[in-house]
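Below is one structure, written out as structure tokens; the observations come after it.
Number of protein chains: 2
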Amino acid sequence: MSINYPKGMKQLNTPLSQKKSIQYGKRGMKFEDMINESNKYYLAYNKAVIHKKPTPVQIVKVDYPKRSAAKITEAYFRQASTTDYNGVFKGHYIDFEAKETKNKTSFPLSNFHEHQIQHMLNCEKNGGLCFVLLWFSSLNKCYYLDFKYLYDFWTNKNQRKSILIKDLLEIGFECPVGYLPTIDYLIPLQKRIDC
Amino acid sequence: MSINYPKGMKQLNTPLSQKKSIQYGKRGMKFEDMINESNKYYLAYNKAVIHKKPTPVQIVKVDYPKRSAAKITEAYFRQASTTDYNGVFKGHYIDFEAKETKNKTSFPLSNFHEHQIQHMLNCEKNGGLCFVLLWFSSLNKCYYLDFKYLYDFWTNKNQRKSILIKDLLEIGFECPVGYLPTIDYLIPLQKRIDC
Numbered sequence: 001m002s003i004n005y006p007k008g009m010k011q012l013n014t015p016l017s018q019k020k021s022i023q024y025g026k027r028g029m030k031f032e033d034m035i036n037e038s039n040k041y042y043l044a045y046n047k048a049v050i051h052k053k054p055t056p057v058q059i060v061k062v063d064y065p066k067r068s069a070a071k072i073t074e075a076y077f078r079q080a081s082t083t084d085y086n087g088v089f090k091g092h093y094i095d096f097e098a099k100e101t102k103n104k105t106s107f108p109l110s111n112f113h114e115h116q117i118q119h120m121l122n123c124e125k126n127g128g129l130c131f132v133l134l135w136f137s138s139l140n141k142c143y144y145l146d147f148k149y150l151y152d153f154w155t156n157k158n159q160r161k162s163i164l165i166k167d168l169l170e171i172g173f174e175c176p177v178g179y180l181p182t183i184d185y186l187i188p189l190q191k192r193i194d195c
Numbered sequence: 196m197s198i199n200y201p202k203g204m205k206q207l208n209t210p211l212s213q214k215k216s217i218q219y220g221k222r223g224m225k226f227e228d229m230i231n232e233s234n235k236y237y238l239a240y241n242k243a244v245i246h247k248k249p250t251p252v253q254i255v256k257v258d259y260p261k262r263s264a265a266k267i268t269e270a271y272f273r274q275a276s277t278t279d280y281n282g283v284f285k286g287h288y289i290d291f292e293a294k295e296t297k298n299k300t301s302f303p304l305s306n307f308h309e310h311q312i313q314h315m316l317n318c319e320k321n322g323g324l325c326f327v328l329l330w331f332s333s334l335n336k337c338y339y340l341d342f343k344y345l346y347d348f349w350t351n352k353n354q355r356k357s358i359l360i361k362d363l364l365e366i367g368f369e370c371p372v373g374y375l376p377t378i379d380y381l382i383p384l385q386k387r388i389d390c
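Going down the list, the sequences are from chains A and B. Residue numbers for the first sequence follow my numbering, beginning at 1 and rising by one. Residue numbers for the second sequence follow my numbering, beginning at 196 and rising by one.
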């Protein structure tokens with residue numbers, strides 16, 4: 001289902017002046033929106049219940065104007081202690097982080113944070129199924145990678161600072177990018193469960 | 196482990212002037228803090244990974260002052276689409292809502308919102324284990340109730356607007372309130388899994 005752009009073709013590159021509205025994917029969507037759309041599809045068809053967690057915010061001041069909604073006037077971003085997505089698939093707890101790169105051959109490990117790795121490690125220890133979705137925006141491709149492999153890279157067993165696409169093809173799975181769902185990441189997850 | 200205060204004893208009542216610092220529980224904690232403490236304990240002892248979700252906020256304006264943290268200067272509370280807590284326990288997806296009342300004999304169903312019921316229904320359909328924790332602040336007692344029973348009450352099969360404590364003693368479970376963990380809600384959950 002995914003489109004293979006010819007090597008070097010900069011189909012999705014956008015001038016700096018349009019940076020704010022960079023668009024990815026088939027339907028002009030950002031990666032996060034593509035995942036949210038997939039989650040809506042999974043929910044509607046009763047395949048899984050997966051939600052993105054809200055951004056953690058420390059609220060300091062709130063105004064309560066008459067006749068209108070409470071307005072937060074001072075707040076700060078807090079460090080998250082988990083990943084962005086979790087939910088349930090066939091009774092299993094699933095938990096994942098979604099990241100993107102403009103690179104064309106490898107995914108930088110620096111995109112991940114210590115707290116995300118630690119959280120997924122904790123979840124796996126308690127029987128959860130954790131993975132990452134890696135979006136290569138220049139290629140319009142999404143790879144699924146089980147946490148255990150990410151953890152091997154992270155703990156530097158492989159002495160590398162990024163994960164090559166050729167490795168992802170071997171130890172990961174290329175998720176179909178299509179219409180319904182936009183990114184079908186339950187396919188590789190089902191394979192893991194079946195193993 | 197729980198303390199049974201004599202009927203009518205208003206041990207924990209606080210004058211209006213101190214409303215902001217109403218304190219519950221053995222260690223002067225709010226109910227939410229008691230649950231968060233329990234979750235920390237479960238995490239530390241590798242029994243479960245359960246987190247409270249951040250409050251959903253729609254961020255409108257952010258200032259980026261030099262040499263200090265980004266400051267959110269305009270934001271609004273958004274309606275949540277899920278419950279407050281979820282996580283993993285022995286591979287199972289668990290999901291719950293925690294609510295409190297000052298009542299002494301029954302828990303008002305009006306404390307729950309449609310989106311919370313719908314979310315738990317969706318999760319149960321996908322094999323998740325959903326329940327509610329009901330805190331009776333005047334009694335210092337916490338009851339666990341499986342979602343299926345709450346749903347029966349909610350859909351008004353019982354034609355009532357609240358759940359009586361005597362029903363909770365029959366169809367629910369009184370969680371031990373102690374020190375480590377503060378509220379041991381994994382005990383009834385384990386019973387459900389064992390059934």
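Yeah, the Cβ is synthetic: ideal placement off N, Cα and C, and Gly gets one too.
- Counting along the chain, no beta strand (DSSP E) covers A:A48, and no H or E run does either.
- The C-beta distance from B:P376 to A:P54 rounds to 25 Å, too long to fall under 8 Å, and the pair is not in contact.
- In this structure, A:L168 and A:L145 form a Cβ contact; the two beta carbons are roughly 6 Å apart against a cut-off of 8 Å.
- Inclusion of B:A275 and B:P251 in the CB contact set at 8 Å is warranted, their separation being smaller than that value.
- Beyond the five residues adjoining it in sequence on each side, A:D84 comes within less than 7 Å, by CB distance, of K52, K53, E97, A98 in the same chain, given in chain order.
- Within a 10 Å sphere around the beta-carbon of A:L164 sit fewer than 16 other beta-carbons, which makes this residue exposed.
- Among the residues facing chain B, A:F147 is not included, as its CB has no counterpart in that chain under 8 Å away.
- Under the Cβ distance rule, B:F284 counts among the residues neighbouring chain A, one pair being separated by less than 8 Å.
- B:F307 carries a coil assignment under DSSP once its states are collapsed to helix, strand and coil.
- Taking CB atoms only, A:P181 has no neighbour in chain B less than 8 Å away.
- Taking A:M120 as the centre and dropping the five residues before and after it, the same chain places the C-beta of T83, D95, C130, F147 closer than 7 Å to its C-beta, in chain order.
- By the Cβ-count criterion, B:D379 is buried, with 16 or more other Cβ atoms from all chains shown falling within 10 Å of its own Cβ.
- Here B:S333 is buried, its C-beta having at least 16 other C-beta atoms within 10 Å.
- B:G282 and B:V244 do touch by the CB rule: their CB atoms are close to 5 Å apart, below 8 Å.
- Between A:F153 and A:S110, the alpha-carbon positions lie close to 11 Å from each other.
- Counting every other CB atom within 10 Å of its CB across the protein chains shown gives A:C195 a total below 16, marking it as exposed.
- When rounded, the separation of the alpha-carbon atoms in A:C175 and A:N36 is 15 Å.
- By the neighbour-count definition (other C-beta atoms within 10 Å, threshold 16), A:Y45 is an exposed residue.
- The beta carbon of A:N39 sits closer than 6 Å to those of I50, all from its chain and outside the five residues before and after it, given in chain order.
- Listed along chain B is no residue with a C-beta nearer than 9 Å to that of A:N36; the closest approach is about 11 Å.
- Of all residues in the region 242-257 of chain B, only A243, V244, H246, K248, P249, T250, P251, V252 place a beta-carbon less than 7 Å from a beta-carbon of chain A.
- Around A:G128, the same chain offers Y93, D95 as residues with beta carbons nearer than 6 Å, after the five sequence neighbours per side are excluded.
- Taken atom to atom, the span from the alpha-carbon of B:L329 to that of A:I59 is near 26 Å.
- Interface criterion met: the Cβ of B:G323 is under 8 Å from a Cβ in chain A.
- Residues of the region 73-104 of chain A with a C-beta less than 9 Å from any C-beta of chain B: T73, E74, A75, Y76, F77, R78, A80, S81, T82, N86, G87, V88, F89, K90, G91, H92, Y93, I94, D95, listed in chain order.
- Put simply, the CB of B:N317 is near chain A, with a gap under 8 Å to one of its CB atoms.
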